[in-house]
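To start, the structure itself, in structure tokens.
4 protein chains.
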Amino acid sequence: MAQAPAGRIPGTLPLPDRLLAVATRMFAEKGFESTSVQEIVNAAGVTKGAMYHYFGSKDDLLYEIYHRLLGLQTSRLEQIADGPGTAAERLRAAAVDVLNTSFLYLDDFTVFFRSTHLLSRDRREAVRAERRRYHERFRALVEEGQREGTFRTETPADIAVHFFFGTVHQIGAWYRPGGRLKTAAISEHYVDLFLHGLEN
Amino acid sequence: MAQAPAGRIPGTLPLPDRLLAVATRMFAEKGFESTSVQEIVNAAGVTKGAMYHYFGSKDDLLYEIYHRLLGLQTSRLEQIADGPGTAAERLRAAAVDVLNTSFLYLDDFTVFFRSTHLLSRDRREAVRAERRRYHERFRALVEEGQREGTFRTETPADIAVHFFFGTVHQIGAWYRPGGRLKTAAISEHYVDLFLHGLEN
Amino acid sequence: MAQAPAGRIPGTLPLPDRLLAVATRMFAEKGFESTSVQEIVNAAGVTKGAMYHYFGSKDDLLYEIYHRLLGLQTSRLEQIADGPGTAAERLRAAAVDVLNTSFLYLDDFTVFFRSTHLLSRDRREAVRAERRRYHERFRALVEEGQREGTFRTETPADIAVHFFFGTVHQIGAWYRPGGRLKTAAISEHYVDLFLHGLEN
Amino acid sequence: MAQAPAGRIPGTLPLPDRLLAVATRMFAEKGFESTSVQEIVNAAGVTKGAMYHYFGSKDDLLYEIYHRLLGLQTSRLEQIADGPGTAAERLRAAAVDVLNTSFLYLDDFTVFFRSTHLLSRDRREAVRAERRRYHERFRALVEEGQREGTFRTETPADIAVHFFFGTVHQIGAWYRPGGRLKTAAISEHYVDLFLHGLEN
DNA sequence: AATGAATGAGACTTCATTCAT
DNA sequence: TATGAATGAAGTCTCATTCAT
Chain E
1 MAQAPAGRIP GTLPLPDRLL AVATRMFAEK GFESTSVQEI VNAAGVTKGA
51 MYHYFGSKDD LLYEIYHRLL GLQTSRLEQI ADGPGTAAER LRAAAVDVLN
101 TSFLYLDDFT VFFRSTHLLS RDRREAVRAE RRRYHERFRA LVEEGQREGT
151 FRTETPADIA VHFFFGTVHQ IGAWYRPGGR LKTAAISEHY VDLFLHGLEN
Chain F
1 MAQAPAGRIP GTLPLPDRLL AVATRMFAEK GFESTSVQEI VNAAGVTKGA
51 MYHYFGSKDD LLYEIYHRLL GLQTSRLEQI ADGPGTAAER LRAAAVDVLN
101 TSFLYLDDFT VFFRSTHLLS RDRREAVRAE RRRYHERFRA LVEEGQREGT
151 FRTETPADIA VHFFFGTVHQ IGAWYRPGGR LKTAAISEHY VDLFLHGLEN
Chain L
1 MAQAPAGRIP GTLPLPDRLL AVATRMFAEK GFESTSVQEI VNAAGVTKGA
51 MYHYFGSKDD LLYEIYHRLL GLQTSRLEQI ADGPGTAAER LRAAAVDVLN
101 TSFLYLDDFT VFFRSTHLLS RDRREAVRAE RRRYHERFRA LVEEGQREGT
151 FRTETPADIA VHFFFGTVHQ IGAWYRPGGR LKTAAISEHY VDLFLHGLEN
Chain C
1 MAQAPAGRIP GTLPLPDRLL AVATRMFAEK GFESTSVQEI VNAAGVTKGA
51 MYHYFGSKDD LLYEIYHRLL GLQTSRLEQI ADGPGTAAER LRAAAVDVLN
101 TSFLYLDDFT VFFRSTHLLS RDRREAVRAE RRRYHERFRA LVEEGQREGT
151 FRTETPADIA VHFFFGTVHQ IGAWYRPGGR LKTAAISEHY VDLFLHGLEN
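Protein chains in written order, with full-length UniProt numbering: chain E, 1 to 200; chain F, 1 to 200; chain L, 1 to 200; chain C, 1 to 200.
Given below as structure tokens:
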């Protein structure tokens, strides 16, 4: 994530990053297929040739957004999951973190969960594989907590993970800045609901 | 939902329904914008003229999918919510029902939550208003349960509803038929997690 | 060859044929790659959409030109080669015929022998296979004449065929209508040179 | 012809020659218009700036290939045609030589006879004028032989020259290295056919 | 002598939609 | 009720060329 995660896109960013930032914003607003390459480069203040100098195709832009986001997510999760504390503590920290990150990079997430199906077969597989790794690290935390006796064992761990990520990924579908609740508060409520549902 | 909810699309369906069924399947598979009208009519075994005889535009197909789905959902919810039983009982029944319906009409839901942003402004508003009504009826159940003392009051009811629907709407993103768990089992686990998270 | 073989292209031709006729003319004049689809449809008085209604791609136009020409050539050759007369007589008749046809469909031939390499791999193979059949039928005539004792046997028959077709295919590279010699005269001279070179 | 006439292109060639050699190979393989400047410079291991340092345009590459080839051909022909021997002897020598040269510089010839029409008007004229001079020197040999009484006079000399060069120029269209016959043998057969056809 | 980012024009193609039949 | 030829606008992408370094 080289570009600023939200708000104005500084004109000083290197062109590839500026293009990605602009594209992310527009894809989130209007959808990938309703955003033309022309609109993106206009917004970035360059020509199409410049974009195709850095990105092989419009799909590449989408993939690169995914790739950066997945890299960010994965590294944050691993840092937390491999850190100190009980499984429950680490799971809570990870869950809060993924929610906060989701709010911070709301456009990126919105694009991600709305447009994966538009990627080419190969890339879709690549993204899915990265996602799976992420999912599994998270699931391991749940299973750890189940072995510790903190979490109920009736619910299969991977169902619980689907359950939680499912709702995290939908945040962009309803959350609008400026609402009654701050994002941090929403994160807390979500994590409470999730962990409460999981605990004995 | 005039068309068969899943599997083979009978050639005996009235043409408008057959077109909707085919379109739903294809939009779910490849996305709305990557599916051409030509492909839809080919798959339905008719020509474009026939489609434009029944639907004013490609957007109309999408809208009609939404419309039918929302009608179905709303009527089911109202029947359950206005029925007998404690708030908690009715909430559980409604939650199970929406999950089962989601599995049954998986394609329709997938299209719905992936393509709303592609509708025209007007129709998007219309859909959103219908959704809101649905959401609010569900929230009323949660609030009822909170007043009853069954559910925790720390979590705002509408956050809880977003939480639950969020994950329901993502089911199409990960669920694939033929997995280890039956859909009914998944529904139960999801509802358990949700209600457990909500209860005192 | 549905279109008129030379001169003005009647506006009454069915659109696919008119497009082919126009394309043939322009490819011969400026080359396949220097002729844009836009120029073709302008010259045919229609829009690009109309062209893509009948031809899947610009390459298809090229292939169709080839295909029709090969069909024409092959059927003419077979009629002559399988007819009555000595091998030498039939070879002469076939040689005169292919030359006359070459002059008549000069544009088609010009395009053919200049642009085969621009076809996709598959289509190039298809064309080559059709050509080979044609070549072999012609070679059989030469061999027949060698067995009859009319033609010298020092020269391998397939070399003789390459020799003759080679020069036939180059006619478009130098012949311009309105020169000193009529096309029929040129044909006779060419056939004389060829048969004289072949005979004992 | 500064570059090696066939096979591997030595990396030790001066850059302009290496670029020409690479371009010739690629133009012969894929056609002038289907070969991008980027591909040429990649294959030559340099960047576009380097190419544009030596050649003003992509067209210049093509012209330079023509120019070198024509220079080579012309000087060889003149040396032979102005040498000792009867007209028939010199014509045979010249014919054998042009065939051998064609095999040696097969790529160059292939490009030449496939892409002349892609040159700018001016350059096309220049090339054509050079070709004409070449053609005429050859024709003079034929006429000399006709006056000597060796060659038949029924066939106009310039038709005979078109006839011969036509087939020479098509060699690249069918000959593939590694065939049954060596190139020298093919040359002999071709010259035999030609001279036999011409002689009384 | 050489780089490589950037341009700008134009290429091929797709597609929702219309309309005469 | 249905066809399918034709439109027109827009889309993605390519590429020869330039220019500051």
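All C-beta atoms, glycine included, are put in the ideal place defined by N, C-alpha and C.
Buried versus exposed call for residue i [16 or more other C-beta atoms within 10 Å across all chains shown]
{"i": "residue 114 (chain L)", "result": "buried"}
{"i": "residue 23 (chain C)", "result": "buried"}
{"i": "residue 108 (chain C)", "result": "buried"}
{"i": "residue 129 (chain C)", "result": "exposed"}
{"i": "residue 86 (chain L)", "result": "exposed"}
{"i": "residue 35 (chain E)", "result": "buried"}
{"i": "residue 184 (chain C)", "result": "exposed"}
{"i": "residue 145 (chain E)", "result": "buried"}
{"i": "residue 149 (chain C)", "result": "exposed"}
{"i": "residue 79 (chain C)", "result": "exposed"}
{"i": "residue 122 (chain F)", "result": "exposed"}
{"i": "residue 83 (chain C)", "result": "exposed"}
{"i": "residue 25 (chain E)", "result": "buried"}
{"i": "residue 182 (chain L)", "result": "exposed"}
{"i": "residue 101 (chain E)", "result": "buried"}
{"i": "residue 153 (chain L)", "result": "exposed"}
{"i": "residue 162 (chain L)", "result": "buried"}
Delimiting residues of the alpha helix (DSSP H) encompassing residue i
{"i": "residue 145 (chain E)", "result": "121–148"}
{"i": "residue 92 (chain F)", "result": "87–104"}
{"i": "residue 60 (chain F)", "result": "58–81"}
{"i": "residue 189 (chain E)", "result": "183–198"}
{"i": "residue 38 (chain E)", "result": "37–44"}
{"i": "residue 15 (chain F)", "result": "15–30"}
{"i": "residue 202 (chain F)", "result": "Past the boundaries of the shown model lies residue 202 (chain F); chain F is included only from 1 to 200, so the question cannot be answered."}
{"i": "residue 53 (chain E)", "result": "48–54"}
Closer than 7 Å to chain L by CB, residue i
{"i": "residue 38 (chain C)", "result": "no"}
{"i": "residue 155 (chain C)", "result": "yes"}
{"i": "residue 65 (chain C)", "result": "no"}
{"i": "residue 69 (chain C)", "result": "no"}
{"i": "residue 141 (chain C)", "result": "no"}
{"i": "residue 118 (chain C)", "result": "yes"}
Residue-chain proximity (residue i, chain C), Cβ-Cβ < 7 Å
{"i": "residue 4 (chain L)", "result": "Because the pLDDT of residue 4 (chain L) is 48, which lies under 50, any placement of that residue in the model is unreliable, and the question is left without a value."}
{"i": "residue 193 (chain L)", "result": "yes"}
{"i": "residue 106 (chain L)", "result": "no"}
{"i": "residue 99 (chain L)", "result": "no"}
{"i": "residue 159 (chain L)", "result": "yes"}
Proximity below 7 Å, CB of residue i to CB of residue j
{"i": "residue 111 (chain E)", "j": "residue 27 (chain E)", "result": "yes"}
{"i": "residue 55 (chain C)", "j": "residue 118 (chain C)", "result": "no"}
{"i": "residue 37 (chain L)", "j": "residue 191 (chain L)", "result": "no"}
{"i": "residue 13 (chain F)", "j": "residue 51 (chain F)", "result": "no"}
{"i": "residue 187 (chain C)", "j": "residue 91 (chain C)", "result": "no"}
{"i": "residue 197 (chain F)", "j": "residue 193 (chain E)", "result": "yes"}
{"i": "residue 166 (chain E)", "j": "residue 170 (chain F)", "result": "yes"}
{"i": "residue 41 (chain L)", "j": "residue 48 (chain L)", "result": "yes"}
{"i": "residue 106 (chain C)", "j": "residue 172 (chain C)", "result": "yes"}
{"i": "residue 155 (chain E)", "j": "residue 189 (chain F)", "result": "yes"}
{"i": "residue 81 (chain F)", "j": "residue 141 (chain F)", "result": "yes"}
Neighbour flag for residue i against chain E, beta carbons, 7 Å
{"i": "residue 134 (chain F)", "result": "no"}
{"i": "residue 190 (chain F)", "result": "yes"}
{"i": "residue 197 (chain F)", "result": "yes"}
Within chain E, partners of residue i - CB distance below 7 Å
{"i": "residue 145 (chain F)", "result": "None at all; the shortest Cβ gap to chain E is about 14 Å."}
Where residue i meets chain E, residues with beta-carbon distance less than 9 Å
{"i": "residue 171 (chain F)", "result": "162, 166"}
Neighbour flag for residue i against chain F, beta carbons, 7 Å
{"i": "residue 33 (chain E)", "result": "yes"}
{"i": "residue 80 (chain E)", "result": "no"}
{"i": "residue 53 (chain E)", "result": "no"}
Contact list for residue i against chain F, beta-carbon separation under 8 Å
{"i": "residue 113 (chain E)", "result": "170, 173"}
{"i": "residue 149 (chain E)", "result": "In chain order: nothing, as chain F lies at least about 16 Å away."}
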